[in-house]
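Here the structure is laid out as structure tokens; the discussion comes afterwards.
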Amino acid sequence: MRYQLFGLLWLLLLAVLPLAAQEATPYPTPPPTPQERTRADLEAYLGWTCPEEVRGGTLNLYNWAAYVGPFTVSDFETLCQVTTNFDVYASNEDMLARLRAGNPGYDIVVPSHFVIRTMIDEGLIMPLTPEHIPNLANITPELLDPAYDPGNQYTVPYQWGTVGIAYNATLVTQPFASWNDFWAYDGPVAWLEDQRAMLSIALVMLGFDPNSSSAEEIAAARDYLIANSANVVTMNVGNSQQLLGSGEVAAAIDYNGNVFQLQATCECQDYQYVIPQEGANIWVDNVAIPADAPNARLAEAFMDYLLVAQVGADLSNYTGYATPNQAALDSGLIDPLMRDNPAIYPDQDVLERVFFAEANPETELLYADAWDAVKTALAR
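Quick note on this note's numbering: the sequence shown kicks off at 19 and runs consecutively.
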């Protein structure tokens with residue numbers, strides 16, 4: 019199956035990452051303090067200069083919540099002397115619906131890998147000009163030329179990670195080993211607002227391909243989720259840190275980086291993350307430029323900036339997700355606590371249990387209808 023081929027790719031990728039990071043030495047230039055983050059200081063620190071032709075103006079970003087570092091956007095504003103507008107979405111489906119209705123003026127979107135082929139086919143994103151993004155050379159080779167975007171003609175990778183179970187260890191006394199443990203838990207939980215992640219988990223639990231195109235199997239996955247939804251009190255729409263941190267839920271199906279952001283916030287180990295033994299999704303989020311973007315050339319400069327080694331490292335060290343930036347890894351810029359954590363950079367055992375969701379326009383409506391039925395049942 020194709021998702022097994024993706025697993026082999028990631029196994030090869032992860033085998034070389036620790037060695038590269040351990041042999042590297044960090045950049046000698048100290049980071050500017052918030053008060054020192056002038057354009058000249060940032061140019062010296064990052065080794066990147068904003069192209070003259072894009073300076074000034076406004077960049078309009080449409081991204082997931084809590085998915086940039088504390089200085090990612092503001093430093094770009096300083097370097098390029100621009101202003102930014104930042105809107106957020108809770109799911110790929112929300113983002114697609116908004117662009118399908120006509121781009122309201124966004125210059126940057128951050129879609130997951132499995133919707134990119136659909137976005138290309140529907141003309142929702144525009145081709146890139148590689149000459150405007152020289153830092154494409156910093157991308158991990160295994161992430162270049164992906165099946166969903168051959169030649170990276172439309173996208174550059176942003177972050178990658180997994181879906182699993184996040185939980186408050188002070189409330190959950192028995193760690194979750196299986197998805198069945200999660201379904202059986204009698205405390206309050208949240209499910210992830212991600213139709214492909216949720217339905218693919220159900221498909222795997224039923225013994226089916228996580229990318230099934232069978233209407234009967236997708237319907238069975240729908241029914242499986244509904245049958246196991248008794249403990250669901252809310253949906254995780256990008257707010258899992260608030261849900262877990264406030265105690266509203268004891269556990270949540272979640273993206274791995276959110277847990278590590280929680281740990282950093284509380285400076286504690288109360289929040290844990292596990293990929294159940296049956297497996298779960300692995301994903302790659304990418305940066306793309308919507309069709310009819312008003313500031314496409316500025317957006318390409320932003321892409322190039324994101325691929326600077328230090329920018330990529332600062333981003334991943336904050337978000338808790340793995341970087342696609344080989345230069346950041348080779349330069350020793352990734353926090354060792356992250357680099358050596360198999361929940362962020364999966365080891366062989368984890369890689370053997372994860373799978374990619376794949377785009378299939380012919381089944382998009384089947385998955386959407388099934389997920390709508392699940393959410394309708396949860397709302398009763």
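Yeah, the Cβ is synthetic: ideal placement off N, Cα and C, and Gly gets one too.
Does the region 326-342 come close enough to the region 79-98 that 3 or more CB-CB pairs lie under 8 Å?
yes
Indicate whether the contact test is met: 3 or more Cβ pairs, each with one atom in the region 52-67 and one in the region 290-309, closer than 8 Å.
no
I think Leu325 touches Val174, with their Cβ atoms under 8 Å apart; what is that distance to the nearest whole Å?
7 Å
Buried versus exposed, by CB contacts within 10 Å (16 or more), Gly265:
exposed
Using the rule of at least 16 other Cβ atoms within 10 Å of the residue's Cβ for burial, across every protein chain shown, is Ala345 buried or exposed?
buried
For Val91, three-class secondary structure by DSSP
helix
Cβ shell of Val199 (< 6 Å), same chain only, five flanking positions each side left out:
First, the residue type needs correcting, since residue 199 is Asp and not Val in the sequence shown. Closer than 6 Å at the Cβ level, and outside the excluded window around Asp199, lies no residue.
Could you tell me the boundaries of the alpha helix (DSSP H) in which Phe374 lies?
Run containing Phe374: none; DSSP gives neither H nor E here.
Below 7 Å between beta carbons: does that hold for Pro69 and Ala319?
yes
Of the residues Thr252, Cys98, Thr337, which one's Cα is nearest the Cα of Leu210?
Thr252
Buried or exposed: which applies to Gln366, given that a residue is buried once 16 or more other Cβ atoms fall within 10 Å of its Cβ?
exposed
Quick check on Thr283: buried or exposed, where buried means 16 or more other Cβ atoms within 10 Å of its Cβ?
exposed
Between the alpha carbons of Arg214 and Asn121, how many angstroms are there, rounded?
24 Å
Of the residues Asp167, Leu261, Ile293, which one's Cα is nearest the Cα of Pro129?
Asp167
Could you tell me how far apart the beta carbons of Tyr339 and Gly275 are, in whole angstroms, since I believe they sit closer than 8 Å?
4 Å
When Ala377, Asp390, Tyr336, Asp387 are compared against Pro88, the one with the closest alpha-carbon:
Tyr336
Would you please state the rounded distance, in angstroms, between the beta carbons of Ile143 and Ala309? I believe it to be under 8 Å.
6 Å
Determine whether the beta carbon atoms of Ala270 and Ala208 lie at a separation below 7 Å.
yes
Where DSSP assigns a beta bridge to Met253, which residues make up the other side?
Trp209
Can you tell me which of the three DSSP states Val368 falls into?
helix
Identify, in the order they occur along the chain, each residue of the same chain with its Cβ nearer than 7 Å to the Cβ of Ala233, setting aside the five sequence neighbours on each side.
Leu384
Give, in chain order, every unbroken run of the beta strand (DSSP E) that is at least 3 residues long and sits entirely within the region 298-350.
298-306
Thinking just about the alpha-carbon of each residue, which of Thr381, Pro228, Gly169, Ala314 is nearest to the one in Glu71?
Ala314
Please report the residue range of the alpha helix (DSSP H) in which Asn198 lies.
197-202
Under 7 Å between the Cβ atoms of Asn186 and Leu262?
yes
Excluding the 5 residues flanking Leu189 on each side, which residues of the same chain have their C-beta closer than 6 Å to its C-beta?
Ala268
Alpha-carbon spacing of Ala248 relative to Ala58, whole angstroms:
56 Å
Cβ-Cβ separation, Asn110 to Val133 (assumed contact under 8 Å), whole Å
5 Å
Looking at Asn343: is its Cβ nearer than 7 Å to the Cβ of Asn81?
no
What's the gap between the Cα of Gln287 and the Cα of Gly179?
20 Å
State yes or no: is the C-beta of Tyr336 nearer than 6 Å to some heavy atom of the ligand ATP?
What this structure holds is no ligand at all, so the ligand ATP is not there to describe.
Could you give the uninterrupted runs of the alpha helix (DSSP H) lying entirely in the region 48-135, keeping only those of 4 residues or more?
57-64, 90-98, 110-118
Spatial distance of Ala291 from Met137 (CA atoms)
It should be noted that the sequence gives Tyr, not Ala, for residue 291. Computed Cα separation, rounded: 31 Å.
Using only CA atoms, which one of Leu79, Thr101, Gly123, Asn153 lies nearest to Ala311?
Gly123
Gly182 classed as buried or exposed, judged by whether at least 16 other C-beta atoms fall within 10 angstroms
buried
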